[in-house]
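Asks:
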Amino acid sequence: MERRNLIIVGVAVVLGLMAVYFANAWFSGVEQRQERVAEEQQLVRVAVANQDLQFGSPLTRDNVRVANWPADSVPQGAYRDSEFDRLLSGGNVAIRPIARGEPILLSRISERAVLSANIPEGMRAVTVPVDAVSGVAGFVTPGDVVDVMLTRQMPGEGASGDDKMVSIILESVPVLAIDLRADEQNSEAAVGRTATLQATPRDAQKLVLATQVGRLSLALRNIESLDNGSRATVTTRDLGGGYYIRGRSSAPVQQVQTVRASAPAVAGTAASAAAPAPRRPSGPTMVVVRGVDTTNEEVQRYGS
Numbered sequence: 068m069e070r071r072n073l074i075i076v077g078v079a080v081v082l083g084l085m086a087v088y089f090a091n092a093w094f095s096g097v098e099q100r101q102e103r104v105a106e107e108q109q110l111v112r113v114a115v116a117n118q119d120l121q122f123g124s125p126l127t128r129d130n131v132r133v134a135n136w137p138a139d140s141v142p143q144g145a146y147r148d149s150e151f152d153r154l155l156s157g158g159n160v161a162i163r164p165i166a167r168g169e170p171i172l173l174s175r176i177s178e179r180a181v182l183s184a185n186i187p188e189g190m191r192a193v194t195v196p197v198d199a200v201s202g203v204a205g206f207v208t209p210g211d212v213v214d215v216m217l218t219r220q221m222p223g224e225g226a227s228g229d230d231k232m233v234s235i236i237l238e239s240v241p242v243l244a245i246d247l248r249a250d251e252q253n254s255e256a257a258v259g260r261t262a263t264l265q266a267t268p269r270d271a272q273k274l275v276l277a278t279q280v281g282r283l284s285l286a287l288r289n290i291e292s293l294d295n296g297s298r299a300t301v302t303t304r305d306l307g308g309g310y311y312i313r314g315r316s317s318a319p320v321q322q323v324q325t326v327r328a329s330a331p332a333v334a335g336t337a338a339s340a341a342a343p344a345p346r347r348p349s350g351p352t353m354v355v356v357r358g359v360d361t362t363n364e365e366v367q368r369y370g371s
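Convert by adding 67 to the 1-based position in the sequence shown; the result is the number in this note's numbering.
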């Protein structure tokens with residue numbers, strides 16, 4: 068009986084070893100066949116995402132694998148199979164969303180999940196204040212593209228407090244973060260108090276100065292649109308109405324001339340010079356009341 072049990076155990080061990088051997092041989096054969104196919108079809112093996120990776124996701128052997136890729140279309144910054152171990156051992160994390168099957172690129176990973184890793188070379192990140200209105204009701208999210216508009220007081224001594232102007236100072240500006248949110252996959256609308264924008268050093272200076280000059284507003288635009296359109300400045304006159312105040316002058320005062328008699332009046336000679344008649348306006352007029360002062364203003368049609 069014991070001999071029979073030993074035989075059964077021995078056979079089971081042999082069968083188990085054979086299963087392990089054939090399994091290893093099969094997996095080795097699959098890998099060799101993939102490498103052979105890659106060589107025949109001019110493919111290379113690069114590291115790709117095995118699942119969707121979000122901002123800050125660490126790279127591991129569970130979410131990154133090696134796959135065949137056409138040799139003539141390997142993206143710049145992709146990791147080859149020879150760099151696979153170095154990629155996973157560096158403690159790298161995703162700083163941009165990476166879809167499943169997408170190559171792992173140098174520009175999309177970093178040793179730390181920090182915003183500065185997303186800023187291209189030669190660019191800067193600058194933060195401007197926004198609210199529910201200037202921030203498009205919270206629909207501006209990281210990854211969007213916006214135009215930046217500045218509302219400020221019109222220059223000039225004759226400009227009143229109601230004379231405003233709006234200018235587009237920057238176009239097609241990428242949004243890096245809203246408040247402390249920098250994840251491009253988080254598209255849920257949320258009203259933020261600050262927006263961090265990507266700009267050149269000179270444009271960053273413009274943004275900082277603009278925050279001190281007037282009020283900034285963001286205009287959300289199609290991320291694929293390349294047409295910048297007109298950048299003409301808009302003033303209060305462009306809002307319509309058709310009429311404007313051409314000049315501001317006090318009401319004409321009739322001048323009275325006093326003539327002192329020095330000799331008897333001669334017949335046919337006027338005793339006193341007639342006072343000049345006030346100039347009649349050529350168009351419609353309007354009465355403007357400023358406190359206790361009242362003036363007549365001549366009104367002309369805009370463009371005439």
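Backbone N, C-alpha and C define an ideal beta-carbon position, used for all residues, glycine too. The model shown is predicted, which means the values in this text are computed figures rather than measured ones.
Which residues mark the beginning and the end of the alpha helix (DSSP H) in which Gln265 is found?
Replies: No alpha helix (DSSP H) holds Gln265; the beta strand (DSSP E) holding it covers Thr261 to Ala266.
Asks: Return the chain-ordered list of same chain residues with a C-beta closer than 7 Å to the C-beta of Tyr146, the five sequence neighbours on each side being excluded.
Replies: Here the set comprises Val113, Ala114, Leu154 and Ile171.
Asks: Report the rounded CA-to-CA distance for Arg167 versus Pro209, giving the unit in angstroms.
Replies: Each residue's alpha carbon lies about 21 Å from the other.
Asks: Anyone know if the C-beta pair for Ala271 and Arg219 falls short of 8 Å?
Replies: Result no, Cβ atoms of Ala271 and Arg219 do not sit closer than 8 Å.
Asks: Give the DSSP-derived three-state secondary structure of Gly229 in the structure shown.
Replies: In the sequence as presented, Gly is not what sits at residue 229; that position holds Asp. In the structure shown, Asp229 sits in coil (DSSP, three-state: anything other than H, G, I, E or B).
Asks: The alpha helix (DSSP H) that contains Arg288, what's its start and end?
Replies: Not the alpha helix (DSSP H): Arg288 falls in the beta strand (DSSP E), residues Arg282 to Arg288.
Asks: Between which two residues does the alpha helix (DSSP H) carrying Arg153 extend?
Replies: Note, Arg153: alpha helix (DSSP H), Phe151 to Ser156.
Asks: Within its chain, find whatever has a CB closer than 7 Å to the CB of Arg175; leave out the 5 residues flanking it on each side and keep chain order.
Replies: Cβ within range, chain order: Ala161, Ile162, Arg163 and Ile165.
Asks: DSSP has Arg112 in a bridge; who is on the other side?
Replies: Paired residue(s): Asn135.
Asks: Would DSSP call Arg51 helix, strand or coil?
Replies: With the chain running from 68 to 371 in the structure shown, residue 51 is simply not present.
Asks: Suppose the cutoff is 7 Å on Cβ atoms and the five residues either side in sequence are ignored; what does the same chain contact list for Met221 look like?
Replies: Asp230, Lys231, Met232 and Thr302.
Asks: Taking buried to mean at least 16 other C-beta atoms within 10 Å of its own C-beta, is Asp152 buried or exposed?
Replies: Asp152 should be labelled exposed.
Asks: By DSSP, does Asn295 sit in helix, in strand, or in coil?
Replies: Coil at Asn295, not helix or strand.
Asks: In chain order, what residues of the same chain have a beta carbon less than 6 Å from the beta carbon of Gly281, not counting five sequence neighbours either side?
Replies: Excluding positions up to five away in sequence, the list reads Leu217, Thr218 and Arg219.
Asks: Along the chain, where does the beta strand (DSSP E) that runs through Met190 open and close?
Replies: Met190 -> no beta strand (DSSP E), and no H or E assigned at all.
Asks: With distances taken Cα to Cα, identify the nearest neighbour of Asp214 among Val203, Arg100 and Ile235.
Replies: Answer by Cα proximity: Ile235.
Asks: Hey, would you say Ala204 sits closer than 8 Å to Val240, going by beta carbons?
Replies: No. Outside cutoff.
Asks: Please report the straight-line C-alpha distance between Pro196 and Leu264, rounded to a whole angstrom.
Replies: When rounded, the distance between both Cα atoms is 11 Å.
Asks: Have a look at Gln118 and Ala199 and give me their C-alpha separation to the nearest angstrom.
Replies: Cα-Cα distance, rounded: 36 Å.
Asks: Could you have a look at Gln99 and say whether DSSP puts it in helix, strand or coil?
Replies: Three-state DSSP puts Gln99 in a helix.
Asks: Which value, in whole angstroms, describes the spacing of the CA atoms of Arg132 and Leu126?
Replies: Arg132 and Leu126: Cα-Cα distance of roughly 10 Å.
Asks: Using a Cβ-Cβ cutoff of less than 8 Å, which residues in the same chain neighbour Arg128 once the five nearest sequence positions on both sides are dropped?
Replies: Correct list, in chain order: Leu155.
Asks: What is the C-beta distance between Glu290 and Val242, in whole angstroms, given that I count them as a contact (C-beta under 8 Å)?
Replies: As written in the sequence, residue 290 is Ile, which differs from the Glu given in the question. Not a contact, Cβ separation roughly 10 Å.
Asks: Leaving out five residues on either side along the sequence, give the residues of the same chain with a beta carbon under 7 Å from the beta carbon of Glu224.
Replies: Cβ neighbours of Glu224 beyond the five flanking positions: none.
Asks: How big is the Cα-Cα spacing for Leu84 and Ser183?
Replies: The alpha-carbon atoms of Leu84 and Ser183 are separated by roughly 53 Å.
Asks: Using DSSP's beta-bridge definition, name the partner residues of Pro125.
Replies: Answer is Val160, bridged to Pro125.
Asks: Mapping the DSSP letters down to three states, classify Ala199 as helix, strand or coil.
Replies: Note: Ala199 maps to coil in three-state DSSP.
Asks: When you compare each of Gly123, Ala266 and Arg304 to Ala226 by their alpha carbons, which one comes out closest?
Replies: Looking at the Cα atoms, Arg304 is the closest of the given residues.
Asks: Quick check: what's the CA-CA separation for Ile186 versus Val275?
Replies: Roughly 18 Å separates the two Cα atoms.
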